[in-house]
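Chains as they are written, first to last, in the working numbering: chain A, 2 to 307; chain P, 2 to 307; chain W, 2 to 307; chain S, 2 to 307.
Below is one structure, written out as structure tokens, with a few remarks after it.
Number of protein chains: 4
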Amino acid sequence: MEKIRALAKTVSNWGRWGADDERGTVNFITPAVVRRAAACVRRGDVFSLGLSFGADGPQIGQGGRVNPLHLMSAVGGGYGPDPEGFRYNDDVVVMPLQCATQWDSLAHVYYAGQLYNGFPATTTTAAGAGRNAIDKLAAGIVSRGVLLDIARALGVDRLPGGHAITPAQLEAAERAQGVHVDSGDVLLVRTGHITVFTRDQDREGFMRRMPGLGMAAVPWLHAREVAAVATDTSAVEVIPFEDPSAPLPVHLLCIRDMGLTLGEMFDLEALAADCARDGVWEFLFSAPPLKVAGGVGSPLNPLAVK
Amino acid sequence: MEKIRALAKTVSNWGRWGADDERGTVNFITPAVVRRAAACVRRGDVFSLGLSFGADGPQIGQGGRVNPLHLMSAVGGGYGPDPEGFRYNDDVVVMPLQCATQWDSLAHVYYAGQLYNGFPATTTTAAGAGRNAIDKLAAGIVSRGVLLDIARALGVDRLPGGHAITPAQLEAAERAQGVHVDSGDVLLVRTGHITVFTRDQDREGFMRRMPGLGMAAVPWLHAREVAAVATDTSAVEVIPFEDPSAPLPVHLLCIRDMGLTLGEMFDLEALAADCARDGVWEFLFSAPPLKVAGGVGSPLNPLAVK
Amino acid sequence: MEKIRALAKTVSNWGRWGADDERGTVNFITPAVVRRAAACVRRGDVFSLGLSFGADGPQIGQGGRVNPLHLMSAVGGGYGPDPEGFRYNDDVVVMPLQCATQWDSLAHVYYAGQLYNGFPATTTTAAGAGRNAIDKLAAGIVSRGVLLDIARALGVDRLPGGHAITPAQLEAAERAQGVHVDSGDVLLVRTGHITVFTRDQDREGFMRRMPGLGMAAVPWLHAREVAAVATDTSAVEVIPFEDPSAPLPVHLLCIRDMGLTLGEMFDLEALAADCARDGVWEFLFSAPPLKVAGGVGSPLNPLAVK
Amino acid sequence: MEKIRALAKTVSNWGRWGADDERGTVNFITPAVVRRAAACVRRGDVFSLGLSFGADGPQIGQGGRVNPLHLMSAVGGGYGPDPEGFRYNDDVVVMPLQCATQWDSLAHVYYAGQLYNGFPATTTTAAGAGRNAIDKLAAGIVSRGVLLDIARALGVDRLPGGHAITPAQLEAAERAQGVHVDSGDVLLVRTGHITVFTRDQDREGFMRRMPGLGMAAVPWLHAREVAAVATDTSAVEVIPFEDPSAPLPVHLLCIRDMGLTLGEMFDLEALAADCARDGVWEFLFSAPPLKVAGGVGSPLNPLAVK
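This is the structure in structure tokens:
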């Protein structure tokens, strides 16, 4: 944890947007950024980056996370006098808020008893997150999205489990793609790893080892002032961890110290293929979280509009 | 039902986009419409139109619909060797997909044994919707949004329960606001009724009686080729029904015959106030449904960007 | 709380069955008691004392407690090649473990940071009850049951809300009925209050005010060494509380200090009528809790066999 | 299905207890049987035959069946003015009613469009079972239990997957144990297979192949007039099926034609060991189902009292 604590000092955003702030780096999304985002819509094509929510999802039971249960509460339910008249179907879902494509809220992880911006960890109880809940990000997250395809930049179909992405690799992708990540952007990092699940149907392989951001990428994200970062893996960061004694350092530094929301299990395959075709790696990005009261995450269907 | 069947013939879109189409009027959202939508972003201000999902939601138990149960599956869960190290919170939600702000899918209602585009109603089983499920609308719904504030046009704070909105009233609002609903637009209709819940906390009053679209508005929606229509009530249409023997005619005609998705319980108050201030009633509208496999609806946090 | 703490000293069973005990007064149910219970079966008639679990249950949302959601996961699901062959229905329930007829576990309530037998309250986390969970009572609860019908003894159809049952009233009922509560018995106390729900369908009236045991009954329960006590109300004890500044004193003293499990919302009407007819107020009582791992309660269908 | 239909004619109980009967063979449990059951209590020792309900349960996702989700809705929730005063824990369970130790209701399986006693299969909808629901067995199931230990009778620790138990094997066990299954008894059949799960933790091995009753045992159960039959496997009957083209014949014949409730995943290990020690294979058996309104099954904690 010493290395994490040292890094934390250099990337902390506590107090940057006031003592009561619960939105963190989403504050970088200014109206000017939103206008820049809208200007990225050139063709009018829309890409859905979300996985399906259902029994066939990626979960393998780790930490009690299961795939969604989707159940019908009415099938052909009637209403009114006419047997040939009104009929309806209704349904119910039971799901972990972290079960597939999702945002982590700033109440999701912490250390040393404090959440982002110094709120006590005890503000989260069985009744939900009293601070930094996901509904604090309600009027978002819409911004310019930039996709960096690290697998493509390194000339592979997908990065192997355990590959730690470095700032140099991020910048090499920027140069190769002719794009620059600026303040307020949502950064999408493609590793190709999601195909271990979507194509190979290997849930264990998808969930237990993965490529992802290394610790060195954290100061880079801080310097670039990204509003949020998402990848096509379940953890954003590399697993196995670079230092086995300090699990999930990127989570801790991004969420707790920087106030940077992480997006997980985004399916970037079709979008990346399209960007490779037309050479345009920026787009309008829209991924509003559900306003779950006290939620520490939200399931998502993120959209990219080119 | 005779009147409904007669109207159905004049507004049906079955086959319009092919025999296999499951997207209905969302097909009106062409790339050109999306570009027109993006061009509506002038200031870069974002409005969240969603209600909170939680125990304090609007449901009163009708038809088995309950408010969401939000439960923590981990509070301060540990991982790794360091007691001052990584800690996490996780959560689970149990909710009807129709419990608050939501899209109805085209599998939600029907009559005479057939869903939109002629699919048999039997394609929906306890396993979910085999046709017209909500995930068919995944790469959407992003379009130009137009808000028509009928309460404002009629000079009232909110329309009373039982008020049936007519085409004449929709067009009067268009004229008063200087806006025109065109093909592919998402139409948001403000009645002010949501304040019965959000301000007065009168759930029974909110859910049991409401203003809304009358049957005569259906051909108007058809003629204008709207992609989707949403209101600030739980039913979009007027309750009590205009003809007590034919419940929910607007649902049947829009969803089953036109293939027009309905959006319910959108909170339009802040957006309407802003539009009244600046006189601009159009915006980029983004409300991607969750890709619930086989789902007949989706909870939402719709965004309007001006 | 001072009065409660004073009483606690006189009724505490901490350490009585060893420092590791998690079963409390259920320990009074010795093999000899079970044999005495079996000997109560004279006619062979069985009475179900449980409420139904479903949307029509008694809950009104207090403390997040809702009525069960019962959902079908399969209706007419097929298996095998023959269309006229095997078909099945399956279902799922979502329910608070305290939503209708139920046992409280000894992890349900506490004060001053300690559960029954001195276990720290922190043994219960979002992962469940680490100590005193309901599955510790798995090989039970089967014993002799004794029904004391206080409403009948006082000559009323049902006791009014706010009526605090005293030891004198319990003993008067014993004398009137010709029965004596002994060590290891499960005591069922009828107030008649459940008919506010089951007959009058007045959920608010049933849940917000009720007759029940007063604080003075606690030492009496201790002296008689009852194994468990259940009533036909949602709280066992009287509401409003005898001392408004000390809520739910009977819960605290019975569960936390005595290790005495409480049974709630038992429907005693048919059993009481039968006992009044034949003058026999004892029976074999069987109410095994579900072995919910880490559960702090269990839904029940208790049986009385006469 | 022809063989099943032929057997069905010889074992059908349709109409035996009237055209409206929804209880089937539980009707064999007369008051005299209950008295005989109570007389089996000689020592006063109680055995719990239920598995735990929790994330560590036996389910592997077949047919959408998952293990229970147990979630805390309150941990240390406060009430009242005193910080050292009343605190409570509450919880919620989400579970298939068929996820571990359970009764099947008589609405669980069927063929040819009819349930037990000729009720149309269409009486079960997304709203639950309109006929033959589990709550019809509320005042039960308490009877004499008889354990036949087939593994022991055949001199093995446990029967292998695919072993079909025959009437001759059931009768050999009766003779070896000195017990006789009579009208109204609940028959428990031990195969030892549950240890594949409980000891070996091999869920796949437990759920995919198993010993169990063969089709020839069905007429024997009919002749003996057993009230219910339960085993220590998930299907009661042998898997793989004796005739691959006719899946689950014992389910169909017992539940649909005989009206005989099946009990699944009973843990009989400790009880069988005790019976082997004292040579007594009969006991008071008590396993009341939860009264789930419209339920097609019920989770259980069955008790045997010797």
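Idealized CB from N, CA, C, for every residue including glycine.
Cβ neighbours of residue i in the same chain (closer than 6 Å, five flanking residues each side left out)
i                : result
Ala228 (chain P) : Thr26, Val27, Phe29, Ile30, Ser144, Gly185 and Val187
Thr337 (chain W) : Outside the shown range of chain W (2 to 307) lies residue 337 (chain W), about which nothing can therefore be said.
CB of residue i within 8 Å of CB of residue j, strictly
i                : j                : result
Gly260 (chain P) : Glu238 (chain P) : no
Asp105 (chain A) : Ile256 (chain A) : yes
Glu265 (chain W) : Thr234 (chain W) : yes
Ala305 (chain S) : Gly146 (chain S) : yes
Pro248 (chain A) : Phe87 (chain P)  : yes
Gly298 (chain W) : Gln103 (chain W) : yes
Asn133 (chain W) : Ala108 (chain W) : yes
Phe207 (chain P) : Val219 (chain P) : no
Met211 (chain S) : Ala236 (chain S) : yes
Cys276 (chain A) : Leu148 (chain A) : yes
Asp45 (chain W)  : Arg66 (chain S)  : In the sequence under discussion, the amino acid at residue 45 (chain W) is Gly, which differs from the Asp named in the question. Contact flag unset, no.
His194 (chain W) : Leu160 (chain W) : yes
Ala152 (chain P) : Thr192 (chain P) : yes
Ile5 (chain P)   : Pro300 (chain P) : no
Best match in the options for proximity to residue i [C-alpha to C-alpha]
i                : options                                   : result
Val95 (chain A)  : P:Arg88, P:Glu85 and P:Met73              : P:Met73
Asp150 (chain P) : P:Arg132, P:Met208 and P:Val180           : P:Val180
Arg24 (chain P)  : P:Asn118, P:Ala294, P:Leu171 and P:Ala169 : P:Asn118
Phe318 (chain S) : S:Leu171, S:Thr192, S:Leu98 and S:Val35   : Shown here, chain S extends from 2 to 307; a query on residue 318 (chain S) therefore has no answer.
Glu175 (chain P) : P:Gly58, P:Thr11, P:Trp282 and P:Val157   : P:Trp282
Cys100 (chain S) : S:Glu243, S:Ile61, S:Cys41 and S:Arg43    : S:Ile61
Leu254 (chain P) : P:Asp22, P:Ala113 and P:Gly64             : P:Ala113
Asn302 (chain A) : A:Asp57, A:Arg88 and A:Asp268             : A:Asp268
Ala128 (chain A) : P:Phe286, P:Ala274 and P:Ala56            : P:Ala56
Asp183 (chain P) : P:Ser299, P:Asp244 and P:Ala38            : P:Ala38
Asp244 (chain A) : P:Thr123, P:Asp83, P:Gly280 and P:His71   : P:Asp83
Gln115 (chain W) : S:Pro121, S:Leu138, S:Tyr89 and S:Ala139  : S:Tyr89
Val230 (chain W) : W:Glu270, W:Cys276 and W:Ala288           : W:Ala288
Pro69 (chain P)  : A:Val93, A:Ala274, A:Leu222 and A:Val157  : A:Val93
Glu85 (chain P)  : A:Val110, A:Arg159, A:Tyr80 and A:Pro59   : A:Val110
Thr126 (chain S) : W:Gly141, W:Asp91, W:His252 and W:Lys307  : W:Asp91
Val309 (chain A) : A:Thr199, A:Gln178, A:Gly296 and A:Arg200 : With chain A covering only 2 through 307, there is no way to say anything about residue 309 (chain A).
Gly16 (chain S)  : S:Ile5, S:Phe120 and S:Lys4               : S:Phe120
Asp136 (chain S) : S:Pro59, S:Ala173 and S:Gly296            : S:Gly296
Leu8 (chain S)   : S:Ala169, S:Pro32 and S:His223            : S:His223
Ala169 (chain W) : W:Trp221, W:Ile142 and W:Gly162           : W:Trp221
Delimiting residues of the alpha helix (DSSP H) encompassing residue i
i                : result
Glu265 (chain P) : Note, Glu265 (chain P): premise wrong, no alpha helix (DSSP H); beta strand (DSSP E) at Thr262 to Glu265.
Gly6 (chain A)   : Note that residue 6 (chain A) is Arg in the sequence shown, not Gly. Unbroken alpha helix (DSSP H) run through Arg6 (chain A): Glu3 to Val12.
Thr232 (chain W) : Segment Ala229 to Thr232 is the beta strand (DSSP E) holding Thr232 (chain W); no alpha helix (DSSP H) there.
Pro168 (chain S) : Pro168 to Gln178
Ala271 (chain W) : Glu270 to Asp279
Ala39 (chain P)  : Pro32 to Ala39
Met208 (chain A) : Arg204 to Arg209
Bounding residues of the beta strand (DSSP E) (the contiguous stretch that carries residue i)
i                : result
Phe284 (chain P) : Glu283 to Ser287
Ala154 (chain P) : First-last for Ala154 (chain P): Ile151 to Ala154, but that is the alpha helix (DSSP H), not the beta strand (DSSP E).
Trp221 (chain P) : From DSSP, Trp221 (chain P) is part of no beta strand (DSSP E) but of the alpha helix (DSSP H) over Ala218 to Arg225.
Check: residue i C-beta below 7 Å from any heavy atom of the ligand ADP
i                : result
Cys100 (chain A) : In the structure shown, the ligand ADP is absent, as is every other ligand, since no ligand is present at all.
Cutoff 7 Å; reference residue i; Cβ partners in own chain excluding five residues on either side
i                : result
Val34 (chain W)  : Ser144, Arg145 and Gly185
Val157 (chain A) : none
Sequence-distant residues of its chain with Cβ nearer than 8 Å to residue i (five each side left out)
i               : result
Gly81 (chain P) : Phe87
Indicate whether the contact test is met: 3 or more Cβ pairs, each with one atom in the region 67-84 of chain A and one in the region 261-276 of chain A, closer than 8 Å.
no
contact_flag[the region 35-50 of chain A, the region 291-300 of chain A] where n(CB pairs < 8 Å) is 3 or more
Contact fails: fewer than three Cβ-Cβ distances are below 8 Å.
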